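Comments concern the structure below.
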Amino acid sequence: MPRTPRLALTVPALCLVAALAGCGNSGGGGTPTATPTATATGAAIARITIKDFTFRPAALTVRPGARVTVVNQDDVAHTLTATGSKPFDTGSIAPGRSATFTAPAKPGGYPYLCTVHPNMKGTLTVR
Ligand SMILES: [Cu+2]
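The C-terminal position of the sequence shown is numbered 142 in the working numbering, with every residue numbered one higher than the one before it.
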């Protein structure tokens with residue numbers, strides 16, 4: 016069969032590529048595309064990682080109303096809960112999962128802790 020149209024091969028190949036791209040988007044809720052930075056001053060997305068019962072970084076400065084993603088890399092659940100009137104609180108974050116909260120609009124220092132392990136502490140600074 017010398018006359019097999021080439022299209023028959025290229026079209027399914029394109030479909031496969033599209034399927035793979037879609038798959039990467041919805042697969043397992045894994046890694047955000049944001050580059051990890053220790054301090055996120057002025058950045059739209061800030062990030063705090065919990066590992067070995069420690070908030071990293073323990074002190075982070077963000078803009079008012081910034082979105083802060085908290086990633087739990089431990090094998091137990093943690094929370095990131097502001098003290099006092101709780102202007103932010105992720106609730107329980109399961110092992111290997113992440114949560115996002117919105118930083119307060121009012122500039123200042125906001126101490127927080129893990130309600131499960133109150134010895135875990137950190138401070139979010141808004142300015
Ligand atoms: Cu904890």
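Just so you know, even glycine gets a beta-carbon here, dropped at the ideal spot from N, CA and C.
Remember, it's a predicted structure, so these values are computed and weren't measured experimentally.
> Quick one: what's got a C-beta closer than 7 Å to S41's C-beta in the same chain, skipping five residues either side?
Replying inline: Note that S41 has pLDDT 41, beneath the 50 cutoff, so the model's placement of it is unreliable and the number below is only indicative. Sequence-distant partners of S41 (beyond 5 residues in either direction) whose C-beta falls short of 7 Å from its own C-beta are missing from its chain.
> Under the three-state reduction of DSSP, which class applies to A97: helix, strand or coil?
Replying inline: strand
> How close, in whole Å, do the beta carbons of A118 and S107 come, if the pair is a contact with beta carbons under 8 Å?
Replying inline: No, A118 and S107 are not in contact; Cβ-Cβ is about 20 Å, not under 8 Å.
> By the 10 Å Cβ neighbour count, where 16 or more other Cβ atoms means buried, how is N134 classified, buried or exposed?
Replying inline: exposed
> Hey, out of T115, V141, G111 and G99, whose CA is closest to L128's CA?
Replying inline: G99
> Who are the Cβ neighbours of P122 in its own chain at under 6 Å, not counting the five residues just before and after it?
Replying inline: V141 and R142
>> Please report the distance separating the alpha-carbon of D67 from that of G80.
In response: Taking the straight line from one Cα to the other gives about 28 Å.
>> Closer than 6 Å between the C-beta and any heavy atom of ligand 1: which residues qualify, listed along the chain?
In response: H93, C129, V131, H132 and M135
>> Which of the three DSSP states is assigned to A61 in this structure?
In response: In this structure, A61 counts as strand in the three-state DSSP scheme.
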